[in-house]
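S.K.: For the first sequence, the numbering used here assigns the number 37 to the initial residue and increments by one for each residue that follows. Beta carbons are placed, not taken as given, at the ideal position from N, Cα and C, and that holds for glycine.
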Amino acid sequence: MRRTPRTRRPASRRDSRRRGVPFPSTGWWGRVAPITRRRSSSNAGSAALFSGRARVQPRRGHSRSQRKSPWEPWADVGKLTQPTKGCQCGWTVASRRRFRHSLQSYRLCGSTPGGVLGNESEKGYSMTTAKTDITIRHLAEHGGELVTLRGWLEGGRSSGKIAFLKVRDGSGVVQVIVSRKEVSEDAWEAAKGVTQESTVEVTGTVNLDERAPGGVELHATEFSVLFLTEDYPITPKEHGVAFLMEHRHLWLRSSRQRAALRVRSEVCQAIRDFYYERDFTLIDSPILTPAACEGTSTLFETDYFGDPAFLSQSGQLYLEPAAAALGKVYCFGPTFRAEKSKTRRHLMEFWMVEPEVAFLEFPGLCELAEEFVQYLVGRVLERCATELETLERDTAVLERYASEPFARTTYTETIDFLQAQGQEIAWGDDFGAEHETLVGEHFGKPVMITHFPSAMKAFYMQPDADDPKLALGLDIIAPEGYGEIVGGSQRIHDHDLLLRRIQEHELPQEAFQWYLDVRRYGSYPHSGFGMGLERFVAWMCKMSHVRETIPYPRMLNKIYP
RNA sequence: UCCUGGGUAGCUCAGUGGUAGAGCGGUCGGCUGUUAACCGACUGGUCGGGGGUUCAAGUCCCUCCCCAGGAGCCA
37 MRRTPRTRRP
47 ASRRDSRRRG
57 VPFPSTGWWG
67 RVAPITRRRS
77 SSNAGSAALF
87 SGRARVQPRR
97 GHSRSQRKSP
107 WEPWADVGKL
117 TQPTKGCQCG
127 WTVASRRRFR
137 HSLQSYRLCG
147 STPGGVLGNE
157 SEKGYSMTTA
167 KTDITIRHLA
177 EHGGELVTLR
187 GWLEGGRSSG
197 KIAFLKVRDG
207 SGVVQVIVSR
217 KEVSEDAWEA
227 AKGVTQESTV
237 EVTGTVNLDE
247 RAPGGVELHA
257 TEFSVLFLTE
267 DYPITPKEHG
277 VAFLMEHRHL
287 WLRSSRQRAA
297 LRVRSEVCQA
307 IRDFYYERDF
317 TLIDSPILTP
327 AACEGTSTLF
337 ETDYFGDPAF
347 LSQSGQLYLE
357 PAAAALGKVY
367 CFGPTFRAEK
377 SKTRRHLMEF
387 WMVEPEVAFL
397 EFPGLCELAE
407 EFVQYLVGRV
417 LERCATELET
427 LERDTAVLER
437 YASEPFARTT
447 YTETIDFLQA
457 QGQEIAWGDD
467 FGAEHETLVG
477 EHFGKPVMIT
487 HFPSAMKAFY
497 MQPDADDPKL
507 ALGLDIIAPE
517 GYGEIVGGSQ
527 RIHDHDLLLR
537 RIQEHELPQE
547 AFQWYLDVRR
557 YGSYPHSGFG
567 MGLERFVAWM
577 CKMSHVRETI
587 PYPRMLNKIY
597 P
C-alpha cells in the first residue's frame, strides 16, 4: 500500500487562518492587531534596506526621536565593517540583507563571522586588539583579555545604568555586562533595545567574577545589534510539546535541546571510534531497497522508475555479504519504519548502528555488545559532563552502567520472573513495554536477555544447538524504563536451513537469492546486532521521549518542519 | 487501528447553562550586580470546525478535525 506523507502548513499560517486573519505574504509571525503595522513596516523596512538605507521603520509607540536604539546598531555595523580589507566582496553597509550576504562573503573568504578562521588584522576592525577567535566555551581561559563575540541574545534585562545580557555563540552562553557609563550612547541604546534571539556583536573584557553564572562574564566596551528579532515565539516560560514541535527549528536553540544534540553528536563519534579502533570497515548499506528485509514491519514505499522500492528498515542483510569481503563491518545510518507506533520510544525515521562480524559466534557477540554499550556510556561521561549537568542527569548511575558487567538472563528465566511478579505472560509471548520496564528495574542496570523462542524471532536467527526451539538471539534492555536498545543474533549459516526458514515465513524466495548466496559460496558463522541511536541517547540524557534526541524527528503523521 | 485525556488570548491554563478570566509574553514607564528579577499601566479572544437542544451554550447532545499519552509492533 502506498503511503503518501501528508504535508502540514506552518503553524503561523494555520493559526492565522483559524482566526480569520489574512496571512501576510511577507511571512511575518504576527498577532491579529499589529498585522497591518507589521506588514507595512516590514515592507517599508525591506524597501529601505534594498535601497541601501540601513534603517527600519520604528515600532509601534516609538517615535524615531524617542527610540532610535533598535535601528542605530545597523549604522554601527556599517562603521565597524566599513574598512573590511580582508573581505573581497565589498561588504560595507550594514543591513539585514547584507548581513546575510556577509555570512556568505565570509565563507567565500575562508573566514567566518565569529572569526574562527579569520585573522583579526585582516578584518580591519577598529578594535584590532580584541581577539575574535575565542568561543564562549573557552572564555574562562582568557581572563582579562579583550575579545569580540558574535551570537544570539538568549535573554537579559536592562536598567537605567546597567544591562545584563546572555549571549550564545553556539559553543556556550555568557553573560555580558553593559554599563552605561562605560560604553558609547549607541551601544547603550542597542543593549537597552535588544530583543530575545537578536543577532549581536559584542566586544569586551573577560571577567572572572563570582557574581556571574559560570564564573565568567564579558564586560562590554562595544555592543551592537546585527539583526533585531521581533516576536520570537519561544519565550523563557513554559510551552507545550505540540507548540515546541511546531517550532522545532527554533526549539533547537534551547539549552536542553542543545545539550541533547551534543550528546547525540558525541555518541555518533564514539560509535565510529569504537569500530575504527577495532579494525571494522564501514559499509554503508543502501537506503532504497527492493524488498522487505525481515518481511514483518511496514515499509515506506517509493516509486523507483515505475517499480516499487522501499526505504530501508535495516542494513543487516546487506552487511552479511560484506562481512565475507571485509571480516568485521558495520553500518550506521537512518532507517525507516512505517509502523503506526505512537509512543515515546518510536520514530518513523531513526538511526541505527549495526555491526556484523565473520566467524563471531554467540558468546562473542554478547561480549561485543556489552563492551560497545559500556564504551559509549563511558564516552558520554567523559566528554559530555557539561551537557549531562544541563540535563540534570544523575551521572553516578551512568558510572555504574559503564563499569559493572551487565545482568544476564535468558528468555525462559525472564518469563518465570515476570510470572512470579504476577504478570500474565506465557512462554512464547513477546515482552511488552511494561515487562521490559519491570526487568530493567529489577536489575537496576542494563540486562542482556538471550535464547528466545525461534518462533517469535526473525527468520535468519541461528537455532541453539542444545535446544533447537530456541534462537541464539540477544536483547539488551536499558534500565530506567528505556526498554530495548540493542537486538542481535547469530545468523543461520546453513543454506538449506535458511531456505527452509524463508519458506516457512512465506517470504519471496527470489528476492533473497543474493542473501542465500552468502551461504552458497564460502559460508561462515557470523553474528551481529543493531542499536537504536535515539533510544540510547534518550537513555543517556534521561529524556522522556526520543523525539528530543534527533534534530528533526519524524513521527506518526508529523513531518513539519 | 484501538483505549484514555485534551483543544478557551502570542504561550501555559482556570472557567458551576446567565457580562470571556488569570499568570506569563508584548508595549510604555519606574527600579535593580541581575540569575525565569521586581513594581505600575496598557495590550490581547472565530472558546478547534459544523450541526442540534435551550429564552440563553466555552459549558449539554451529535458529528468531523487536530494534539498528547498508552496498546499492538519494534530499535
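Mapping DSSP to helix, strand and coil, what is residue 275?
M.R.: In this structure, residue 275 counts as coil in the three-state DSSP scheme.
S.K.: For residue 575, which residues in the same chain have their Cβ closer than 6 Å to its Cβ, ignoring the five residues on either side in sequence?
M.R.: Closer than 6 Å at Cβ, skipping near neighbours: 514 and 518.
S.K.: Within the stretch 359 to 425, note down every full alpha helix (DSSP H) run reaching 4 residues or more, in order along the chain.
M.R.: Segments of the alpha helix (DSSP H) lying fully in the stretch 359 to 425: 398 to 419.
S.K.: Hey, could you find the ends of the alpha helix (DSSP H) residue 454 is sitting in?
M.R.: Where residue 454 is concerned, the enclosing alpha helix (DSSP H) stretches over 447 to 456.
S.K.: According to DSSP, is residue 258 part of a helix, a strand, or is it coil?
M.R.: DSSP places residue 258 in strand when its eight states are reduced to three.
S.K.: So, does the stretch 209 to 228 touch the stretch 269 to 279, judging by three or more C-beta pairs under 8 Å?
M.R.: No, they do not touch.
S.K.: Here's the rule: buried if 16 or more other CB atoms are within 10 angstroms of the residue's CB, otherwise exposed. What is residue 415?
M.R.: Looking at its Cβ environment, which holds 16 or more other Cβ atoms inside 10 Å, residue 415 is buried.
S.K.: Taking contact to mean 3 or more Cβ pairs, one atom from each stretch, closer than 8 Å, check whether the stretch 277 to 284 and the stretch 237 to 255 are in contact.
M.R.: No contact exists between the stretch 277 to 284 and the stretch 237 to 255.
S.K.: In whole angstroms, what is the alpha-carbon distance linking residue 361 and residue 354?
M.R.: The alpha-carbon atoms of residue 361 and residue 354 are separated by roughly 12 Å.
S.K.: Taking residue 183 as the reference, give the member of 172, 193 and 189 with the closest Cα.
M.R.: For residue 183, the nearest C-alpha among the options comes from 172.
S.K.: Per DSSP, what kind of secondary structure is residue 498 in: helix, strand or coil?
M.R.: Of the three classes helix, strand and coil, the one that applies to residue 498 here is coil, per DSSP.
S.K.: Classify residue 298 as buried or exposed, calling it buried when 16 or more other Cβ atoms lie within 10 Å of its own Cβ.
M.R.: Buried: at least 16 other Cβ atoms inside 10 Å.
S.K.: Compare the Cα-Cα distances from residue 500 to each of 169, 399, 386 and 278 and report the closest residue.
M.R.: Measuring from the Cα of residue 500, the nearest candidate turns out to be 399.
S.K.: Cβ atoms of residue 341 and residue 372: under 7 Å apart, would you say?
M.R.: No; because the gap between Cβ atoms is not below 7 Å, this pair is not in contact.
S.K.: Can you say whether residue 407 is buried or exposed, counting buried as having 16 or more other CB atoms within 10 angstroms of its CB?
M.R.: Exposed: under 16 other Cβ atoms inside 10 Å.
S.K.: Who are the Cβ neighbours of residue 569 in its own chain at under 6 Å, not counting the five residues just before and after it?
M.R.: Taken in chain order, the residues that qualify are 387.
S.K.: Quick check on residue 251: does DSSP put it in helix, strand or coil?
M.R.: Residue 251: helix per DSSP, three-state reduction.
S.K.: In chain order, which alpha helix (DSSP H) runs of at least 4 residues are fully inside the stretch 188 to 240?
M.R.: Qualifying alpha helix (DSSP H) stretches, in chain order: 221 to 229.
S.K.: Alpha helix (DSSP H) containing residue 484: first to last residue?
M.R.: Careful: residue 484 lies outside any alpha helix (DSSP H), inside the beta strand (DSSP E) at 483 to 489.
S.K.: List the endpoints of the continuous alpha helix (DSSP H) containing residue 476.
M.R.: Where residue 476 is concerned, the enclosing alpha helix (DSSP H) stretches over 469 to 479.
S.K.: Take residue 578 as the anchor and find which of 241, 296 and 405 has the nearest alpha-carbon.
M.R.: Measuring from the Cα of residue 578, the nearest candidate turns out to be 296.
S.K.: Pick from 389, 396 and 206: whose alpha carbon is nearest that of residue 412?
M.R.: The residue with the shortest Cα to Cα distance from residue 412 is 389.
S.K.: Thinking just about the alpha-carbon of each residue, which of 181, 174, 554 and 231 is nearest to the one in residue 188?
M.R.: Residue 188 has its Cα closest to that of 231, out of 181, 174, 554 and 231.
S.K.: Within this structure, are the beta carbons of residue 589 and residue 288 separated by less than 7 Å?
M.R.: Cβ distance not < 7 Å, so residue 589 and residue 288 don't count as in contact.
S.K.: Relative to the C-alpha of residue 525, which candidate in 498, 540 and 516 has its C-alpha closest?
M.R.: Selected option, being the one with the closest Cα: 498.
S.K.: My output table needs one value for residue 313: the three-state DSSP class, helix, strand or coil.
M.R.: Residue 313: helix per DSSP, three-state reduction.
S.K.: CA-CA distance, residue 445 and residue 186?
M.R.: Distance between the alpha carbons of residue 445 and residue 186 is about 54 Å.
S.K.: Between residue 376 and the rest of its own chain, which residues show a CB-CB distance below 7 Å, the 5 nearest in sequence each way excluded?
M.R.: Cβ neighbours of residue 376 beyond the five flanking positions: 592.
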